[in-house]
Amino acid sequence: MARKFFVGGNFKMNGTIESIKAIVKNLNEAKLDSNVETVIAPPSLYLLLVRDQLRPEIEVAAQNVYDQPNGAFTGEISVSQLKDSNITWTILGHSERRTILRESDEVVSNKTKYAVDNGVGVIWCCGESLEEREAGKTIDVITNQLAALKAKIGNDWSKIVIAYEPIWAIGTGKVATTEQAQEVHAAIRSWLKTNVNDQTAEATRILYGGSVNEKNCKDLSKQPDIDGFLVGGASLKPAFVDIINCNQ
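Just so you know, we're using the working numbering here: the sequence shown kicks off at 46 and counts up by one.
Structure, rendered in structure tokens:
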């Protein structure tokens, strides 16, 4: 089964009306690989601006979503509000939320289940710290995060894209070697095969994230279990187009 290459751009808490309009203009005018599914995630304040102005074949993601229906949840955004605004994806479990905001595996899993059950795709993030990698615990950390998710969602992973993002490589300029990244991606796919089923293991796209840029993306994309990228800082730059087109 061929997995369609997927490139996500996580703007994080960056951008102004002017700068985000410029990013959208650049993407609208670029010649993009039609064999790549492209999704960008601006700050929530700019979701509608981006969706209204961005070419329709590029999808838009929120950077978070709540696990309850509309109601008295100040500061949150609901799945139904995303769908009402034609926002088709959300990022969940990013290490910045897991570590800074102390979102537990259970919180992330609950949000993921609620999102996919109600029709929004999830870019679900996992990753280890530098201390965990140096202690040889990378695979244990990742598989524990996967197990927590499976305990909530069961065997239907059809609306989930997994993003492996080693915490030590996010925004640091450090990048996992192609061998390191492929090793973890292969371990994730093996875990899916053993703990979910063969079909899910074959169909689920596993992205790499962590200081991805236009210089390192080509080598990473050649790895058999790397199905795309979740891009941080480089998604704010014109070179994001080069990452989307890295397989051409």
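Just so it is clear, CB atoms sit at the ideal spot from N, CA and C, and this is done for glycine as well.
First and last residue of the uninterrupted alpha helix (DSSP H) at residue i
i, result
"VAL153", "150-162"
"PHE302", "The structure shown does not extend to residue 302, since the chain spans only 46 to 293, so no value can be given for it."
"TRP236", "223-240"
"PHE285", "285-289"
"VAL69", "62-74"
"THR144", "140-144"
"THR188", "183-198"
Nearest-angstrom Cβ-Cβ length linking residue i and residue j, presumed shorter than 8 angstroms
i, j, result
"VAL161", "LYS204", "4 angstroms"
"ILE85", "PHE50", "Not really, about 15 angstroms apart at Cβ, beyond 8 angstroms."
"ALA106", "ILE168", "6 angstroms"
Same chain only: Cβ atoms within 8 angstroms of residue i, ignoring 5 sequence neighbours per side
i, result
"GLN227", "GLN268, PRO269, ASP270 and ILE271"
"LEU237", "LEU191, TRP202, THR245, ALA246 and THR249"
"SER125", "PRO114, ASN115 and ASN163"
"GLY60", "ILE68, PRO87, PRO88, TYR91 and LEU281"
"LEU81", "Per the sequence shown, residue 81 should be read as Val rather than Leu. LYS49, PHE50, PHE51, VAL52, GLY273, ILE289, ASN290 and ASN292."
Exposure label - residue i; buried when at least 16 CB within 10 Å
i, result
"GLU173", "buried"
"ILE289", "buried"
"PRO211", "buried"
"PRO101", "exposed"
"GLY273", "buried"
"LYS148", "Position check: residue 148 holds Glu in this sequence, whereas Lys was assumed. Burial call: buried."
"ALA221", "buried"
"SER79", "exposed"
"ALA208", "buried"
"ASN131", "exposed"
"ASN71", "exposed"
"GLY54", "buried"
Cβ neighbours of residue i in the same chain (closer than 7 angstroms, five flanking residues each side left out)
i, result
"LYS219", "TRP213 and SER256"
"SER266", "CYS291 and ASN292"
"GLU177", "THR183 and VAL186"
"ASP264", "THR223"
"VAL241", "LYS195, ASN200 and TRP202"
Span separating the alpha-carbon of residue i from that of residue j
i, j, result
"ALA231", "LYS128", "33 angstroms"
"GLY199", "ALA193", "10 angstroms"
"GLU121", "TYR111", "6 angstroms"
"TRP134", "VAL153", "15 angstroms"
"LYS156", "GLU63", "32 angstroms"
"TYR253", "LEU146", "22 angstroms"
"ASN189", "CYS262", "28 angstroms"
6 angstroms Cβ shell around residue i - same chain, five flanking residues per side excluded
i, result
"THR83", "VAL52, ILE103 and ILE289"
"ALA75", "VAL286"
"ASN258", "ALA279"
"LEU175", "TRP213"
Delimiting residues of the beta strand (DSSP E) encompassing residue i
i, result
"ASN131", "Unbroken run through ASN131: none, as it is neither H nor E."
"GLU121", "From DSSP, GLU121 is part of no beta strand (DSSP E); its letter is neither H nor E."
"LEU252", "251-253"
"VAL167", "166-171"
"THR245", "Unbroken run through THR245 is the alpha helix (DSSP H), 243-248; no beta strand (DSSP E)."
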